[in-house]
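**Student:** In this text, residue positions in the sequence shown follow the numbering used here: the first is 465, and each later residue adds one.
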Amino acid sequence: RHVPDRRGIAAQIFEPLAAAGVSVDTIVQNASERNLTDLTFTLAREDLRRAEGLMEAICESIGADGYTADTNLGKVSIVGAGIQTEPGYAARMFRALADADVNIDLITTSEIRITCIVHEDHMGQAVSALHTAFGLDQADQV
465 RHVPDRRGIA AQIFEPLAAA GVSVDTIVQN ASERNLTDLT FTLAREDLRR
515 AEGLMEAICE SIGADGYTAD TNLGKVSIVG AGIQTEPGYA ARMFRALADA
565 DVNIDLITTS EIRITCIVHE DHMGQAVSAL HTAFGLDQAD QV
């Protein structure tokens, strides 16, 4: 939380994690306000203990206010080449999750993927809602 927004900060955070064998997946950096930003990232549950062992020292060395860790989250994604070129995929995904009463904690996108981080208690609802919204629940069984 409240990571100083200056050149090289991301490297100072992620180099020690990489050196410890922690594989980071989704990374989101918020817009800077008063030269401070929040940086959020996901990693495998089995890497959490190693990461937590480093984060306090990393936060202190860069002047961040600290960190929080949440083990009760899961990730759902939609993937496809059309995401970049055809409008409506994000809206359909977000509507499906909202209608299934699934709150989105974090959203990240790339050219071919939209990922939502949700509470793990809602993963089943989220997957089912997305399958229905994108017609995957009607796919032929092989």
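We put the CB at the ideal spot given by N, CA and C, even for glycine.
Hey, could you find the ends of the alpha helix (DSSP H) G527 is sitting in?
**Tutor:** Position 63 of the sequence shown, counting from 1, holds the residue named residue 527. Neither: G527 is in no alpha helix (DSSP H) and is coded neither H nor E.
**Student:** Beta-carbon of H466 versus every beta-carbon of chain C: anything under 8 Å?
**Tutor:** In the structure shown, chain C does not exist; there is a single protein chain.
**Student:** In this structure, what does DSSP give as the bridge partners for I578?
**Tutor:** Translated into the one-based positions of the sequence shown, residue 578 becomes position 114. Assignment of beta-bridge partners to I578 by DSSP yields I542, T573.
**Student:** Can you have a look at V543 and say buried or exposed, based on whether 16 or more other CB atoms are within 10 angstroms of its CB?
**Tutor:** Position 79 of the sequence shown, counted from the first residue, corresponds to residue 543. That one is exposed.
**Student:** Taking only runs that begin and end inside the stretch 488-527, name each unbroken alpha helix (DSSP H) of 4 or more residues, in chain order.
**Tutor:** 512-526
**Student:** Please report how far the alpha carbon of A474 lies from the alpha carbon of Q602, in whole angstroms.
**Tutor:** Locating residue 474 in the sequence shown gives position 10, where the first residue counts as 1. Locating residue 602 in the sequence shown gives position 138, where the first residue counts as 1. If you take the alpha carbons of A474 and Q602, they lie about 43 Å apart.
**Student:** Can you give me the Cβ contacts of A554 inside the same chain, cut-off strictly under 6 Å, excluding the 5 residues immediately before and after it?
**Tutor:** Walking along the sequence shown from the start, residue 554 turns up at place 90. The residues are I578.
**Student:** Just curious, the alpha helix (DSSP H) that T535 is in, first and last residue?
**Tutor:** What you label residue 535 is simply residue 71 of the sequence shown in a count that begins at 1. Taken as a continuous stretch (DSSP letters only), T535 belongs to no alpha helix (DSSP H), as it is neither H nor E.
**Student:** Could you pull out every residue in the same chain whose Cβ sits closer than 7 Å to the Cβ of V467, ignoring the five residues on either side in sequence?
**Tutor:** Your numbering for residue 467 matches position 3 in the sequence shown. So the list reads I473, L500, T501, D502, L503, I526, A528, once near-sequence residues are dropped.
**Student:** In its own chain, which residues sit with a C-beta less than 8 Å from the C-beta of M587, not counting the 5 before and 5 after it?
**Tutor:** Your numbering for residue 587 matches position 123 in the sequence shown. So the list reads G538, V540, once near-sequence residues are dropped.
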